[in-house]
């Protein structure tokens, strides 16, 4: 029997443990988390809790019962499902929570992110595309403008996911205006103030990454002069 | 409490407030409105009402309760959902209603539309493709012929969506035979006499834009000599 | 009130009027019949009836009530839905029925078919692909072999769909081994002994057309020497 | 009447006969088994049974009633559905069971697998992509590392599926670290210790094959130096 079941049982479809399951199914249909790839965490600010999808499982088949729950203040697990391992992404999700006060963090193995990491060097850059307006300014209220340049840092991949933490933390600090970090030959981390903002940013970024790949293939610069 | 609830509550799945929700889910699966992009408005001629999806929300999660309702004759809002903003597309939808007497207007961030706006100059042109026969003549009854040339004007994008109004109105007037306007690096506006016609035109145009991108990539002219 | 309702009302999901609706939804998700494109007809040999999807409607929204029913022996309509027009494909479906004794005929605006019609001249040809084994020999029992060459004739499009009849009939006769005809810049007609065979052939052919486009793009011959 | 019905009737959605149906629908939406292509088998170790999808049917429409059941120890059919033929893949599935003690084997006509078989010679190779970590070491416990090279042998296709058995058995033995074999111009066989592992490996491999095709098209080596 797993303790802490009261933390994930709810009739409310907006409960973090249920939302994680719903969003994982959505990500699966986009091809972002096939083959157990990717992950997601939602933070419940009110109760000081962090909900985490487990490691190495089929994301589209996750049930609330499979969700880990951590206390935010001391990062202690309040709920550890039997036979499951915590996500290796956990320190990375925590980086977004502690450095940026994020409310949710999404990690995918999006092929567009991987391809952009092969086509771009230190950063992915794109400007003058309407979809950029879905992205936040981050360092000040409001959203980016159409002609703003969206810059997403690309960090090098490491053998173990946990080892990404240092580079990810550094990228977050070096690029105070970003709400995402691409990991070369790996995928992307996207966070936001709330789970819905994180979801929207992830969709908008993936749209821009996919478009960026197509523009590169056609010889069209992704940044307009 | 939001007033005007009687305008959006209905058991009828064909009610405009419910159709907007259904079509937004459909558009989401096509990848046309991810990341809060795009929008849709339906006009109820009988009751002189305009129904509008709100600004900046996840289109696939819209509920009838989120719908704005405007009186057509004086463009006054009869229903304004709490905590939501009217769509920035509203003046553009109104242009289609007032200049063309449209019954619905769809706006998407279709990647094929964006790519065509990068591959074509002043207009997107295609001819001798069967799918063109789904398009209306506009200036006279009936549909286009297979060998007709479909011409869709491309206008330049602006920082704010509202600022597109002038160029959109001008394009509508300069191209009396068009039922759509592409916005460069942004997306497309498509309208029709009814919501179903608008939906069909939007699907047929997107098919032609996608095909146009592929033909360009293969070095095949989109207009046959 | 439309007469002949008893011909389309059934609790049986395998009834032709219900199958047409189900298959049109399936085709829509494949992108084969968006924008009212395409069509399908099923023949009920036992009762000597032909069921036909109507012209110019959204295929994914068709209901049994929208289905036309024709008597095979004299090609007289037994059921004509109010406000709908018979499909312009009807003479083409009849060609497959009368010349080949088909049990169903599918017409799509598949982009892979259109692209192949632009990349190939008189016929689409492919060999040495396993999926070819899903195709019938037609002129003798059994299926094609892996190393057989699948040859699908390509006919020129005409302004009106009905005008295709002569060329389609000729192609069917000139290529006795084919169970499909591509129409240049238009789409494809695929038929089979039963509705399920027609569906399977259509899927297998579309797979091969899509693969053929990709092979052409990579400079790989579709026919192996 | 078909005997052995008690072997496939179950209220448990995790019963092999029901899982095969569910997974075939999943594979269909990925485009891996359209046109009757592909197949799947699950082994019930506890009861010494093998469940097999039938030959040449629409995979997305399979019902538990269509499933063949074989006794593992003497490979005798305990259940043979009326009017259906056993899958031609059966000897290949058995090779994975007997040589590798697999718990399930999946066969698809994945276009990415076919394309990779045209772009690569004796083996498909890829390294330094995070998704590789979803793959097992096979010859020792645990999963592959990010920088490991995934090597999947490619065997030549034969006229009849059964004839692949020799080459498949040889490839399995020559490549003790592989959990999949690509068949040139045909598709792929993927197996695993359990049905879920086989499903995950198949998804991860297909992701890598798709990425491999894109990398080749962009002139990026799939193996990092």
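Residue numbers (full-length UniProt numbering), protein chains in the order written: chain A, 1 to 225; chain B, 1 to 225; chain C, 1 to 225; chain D, 1 to 225. Cβ coordinates follow ideal geometry from the N, Cα and C atoms, glycine included. Just so it is clear, the structure is predicted and the values come from calculations on it, not from any experiment.
Three-state secondary structure (DSSP) of residue 70(C): Locating residue 70(C) in the third chain gives position 70, where the first residue counts as 1. In the structure shown, residue 70(C) sits in a strand (DSSP, three-state: E or B).
Closest residue to residue 72(D) among 82(D), 64(D) and 104(D) (Cα-Cα distance): Position 72 of the fourth chain, counted from the first residue, corresponds to residue 72(D). Among 82(D), 64(D) and 104(D), the Cα nearest to that of residue 72(D) belongs to 104(D).
Among 217(A), 153(A) and 110(A), the one whose alpha carbon lies nearest that of residue 186(A): As a first step, residue 186(A) must be located in the first chain, where it is residue number 186. If we check each option's Cα against that of residue 186(A), 110(A) comes out closest.
Where residue 26(D) meets chain C, residues with beta-carbon distance less than 7 angstroms: Here residue 26(D) refers to the residue found at position 26 of the fourth chain. Those within 7 angstroms of residue 26(D) in chain C number zero; the least Cβ separation is about 14 angstroms.
Beta-ladder partner(s) of residue 108(C), from DSSP: Sequence index remark: in the third chain, residue 108(C) carries index 108 (1-based). Looking at the DSSP assignment, residue 108(C) forms a beta bridge with 188(C).
Distance, residue 93(A) Cα to residue 157(A) Cα: On the first chain, position 157 is the one that residue 157(A) refers to. On the first chain, position 93 is the one that residue 93(A) refers to. Each residue's Cα considered, the two are about 16 angstroms apart.
Three-state class that DSSP yields for residue 27(C) in the structure shown: Counting from one through the third chain, the residue named residue 27(C) turns up at place 27. The answer is helix: DSSP assigns residue 27(C) an H, G or I state.
At least 3 beta-carbon pairs within less than 8 angstroms: the stretch 192-210 of chain C vs the stretch 119-134 of chain C: yes
Neighbourhood of residue 96(C) by C-beta, 6 angstroms cutoff - its chain only, sequence neighbours within 5 removed: As a working note, residue 96(C) is residue 96 in the third chain. So the qualifying residues of the chain are 102, 105 and 191.
Min CB distance residue 36(D) to chain C below 9 angstroms: Along the fourth chain, one-based indexing puts residue 36(D) at 36. Cβ-Cβ to chain C under 9 angstroms: yes for residue 36(D).
Outcome for residue 29(A) when other beta-carbon atoms lying within 10 angstroms are tallied against a minimum of 16: Counting from one through the first chain, the residue named residue 29(A) turns up at place 29. Answer is exposed; the Cβ neighbour count stays below 16.
Those residues which DSSP pairs with residue 43(D) across a bridge: As a working mapping, residue 43(D) is identified with position 43 in the fourth chain. Residue 43(D) is bridged to 50(D).
Unbroken beta strand (DSSP E) run spanning residue 149(A), endpoints: As a first step, residue 149(A) is located in the first chain; it is residue number 149 there, counting from the start. Segment 149-155, the beta strand (DSSP E) holding residue 149(A).
Chain B contacts made by the stretch 50-82 of chain C, where a contact means CB separation under 7 angstroms: 58
Beta-carbon proximity of residue 24(D) to residue 62(D), cut-off 9 angstroms: One-based indexing of the fourth chain puts residue 24(D) at position 24. One-based indexing of the fourth chain puts residue 62(D) at position 62. Yes, they are a contact pair.
Cβ contact check for the stretch 80-92 of chain A and the stretch 157-167 of chain A: 3 or more pairs under 8 angstroms: yes
contact_flag[the stretch 67-86 of chain C, the stretch 34-49 of chain C] where n(CB pairs < 8 angstroms) is 3 or more: yes
From 88(B), 6(B), 155(B) and 22(B), residue whose alpha carbon lies closest to that of residue 199(B): Your numbering for residue 199(B) matches position 199 in the second chain. Cα-wise, what sits closest to residue 199(B) is 22(B).
Range of the contiguous beta strand (DSSP E) that encloses residue 124(A): By one-based count along the first chain, residue 124(A) stands at place 124. Residues 123-127.
Any chain D beta carbon closer than 9 angstroms to residue 14(C): By one-based count along the third chain, residue 14(C) stands at place 14. False, the Cβ-Cβ gap to chain D never drops below 9 angstroms.
For residue 84(A), the nearest candidate out of 75(A), 53(A) and 118(A) (CA to CA): Here the question's residue 84(A) lines up with position 84 in the first chain. Residue 84(A) has its Cα closest to that of 53(A), out of 75(A), 53(A) and 118(A).
Bounding residues of the alpha helix (DSSP H) (the contiguous stretch that carries residue 96(D)): Within the fourth chain, numbered from 1, the residue matching residue 96(D) stands at position 96. It spans 90-100 - the alpha helix (DSSP H) in which residue 96(D) sits, taken as one unbroken run.
Proximal chain A residues relative to residue 207(D), where beta-carbon distance stays under 9 angstroms: Mapped onto the fourth chain, residue 207(D) falls at position 207. Going along chain A in sequence order, the residues near residue 207(D) (Cβ under 9 angstroms) are 31, 34, 35, 37, 109 and 111.
Residues from the stretch 89-123 of chain A in contact with chain D, defined by Cβ distance under 8 angstroms: 109, 111, 114, 115, 118 and 119
Euclidean distance between Cα positions of residue 4(A) and residue 81(A): If you number the first chain from 1, residue 4(A) lands on position 4. If you number the first chain from 1, residue 81(A) lands on position 81. Distance between the alpha carbons of residue 4(A) and residue 81(A) is about 9 angstroms.
Whole-angstrom C-beta distance between residue 211(B) and residue 220(A), which should lie under 8 angstroms: For the purposes of this step, residue 220(A) is identified with residue 220 of the first chain, where counting begins at 1. For the purposes of this step, residue 211(B) is identified with residue 211 of the second chain, where counting begins at 1. In fact, because the Cβ distance is near 19 angstroms, the residues do not count as touching under 8 angstroms.
Test: residue 146(C) CB closer than 9 angstroms to a CB of chain D: Here residue 146(C) refers to the residue found at position 146 of the third chain. At least one chain D Cβ lies under 9 angstroms of residue 146(C).
C-alpha distance - residue 59(D) paired with residue 76(A), whole-angstrom precision: For the purposes of this step, residue 59(D) is taken as the residue at position 59 of the fourth chain. For the purposes of this step, residue 76(A) is taken as the residue at position 76 of the first chain. Computed Cα separation, rounded: 47 angstroms.
Proximal residues of chain B, C-beta to C-beta of residue 19(A) below 7 angstroms: One-based indexing of the first chain puts residue 19(A) at position 19. What residue 19(A) touches in chain B: nothing, since even the nearest Cβ is about 12 angstroms away.
Neighbourhood of residue 8(D) by C-beta, 6 angstroms cutoff - its chain only, sequence neighbours within 5 removed: On the fourth chain, residue 8(D) is found 8 positions in, with the first residue counted as 1. Only 17, 64 and 67 meet the Cβ criterion.
Where the alpha helix (DSSP H) containing residue 172(D) begins and where it ends: Against the fourth chain, residue 172(D) aligns to sequence position 172. Here the alpha helix (DSSP H) through residue 172(D) covers 165-174.
Endpoints, beta strand (DSSP E) assigned at residue 205(A): On the first chain, position 205 is the one that residue 205(A) refers to. No beta strand (DSSP E) contains residue 205(A), which is instead part of the alpha helix (DSSP H) from 195-217.
Between the CA atoms of residue 215(D) and residue 113(A) - distance to the nearest angstrom: What you label residue 113(A) is simply residue 113 of the first chain in a count that begins at 1. What you label residue 215(D) is simply residue 215 of the fourth chain in a count that begins at 1. Their Cα atoms are separated by approximately 13 angstroms.
Residues that DSSP places opposite residue 182(C) in a beta bridge: Counted from its first residue, the third chain places residue 182(C) at position 182. Residue 182(C) pairs with 154(C) and 188(C).
Buried versus exposed call for residue 223(D) [16 or more other C-beta atoms within 10 Å across all chains shown]: The count along the fourth chain starts at 1 and reaches residue 223(D) at position 223. That one is exposed.
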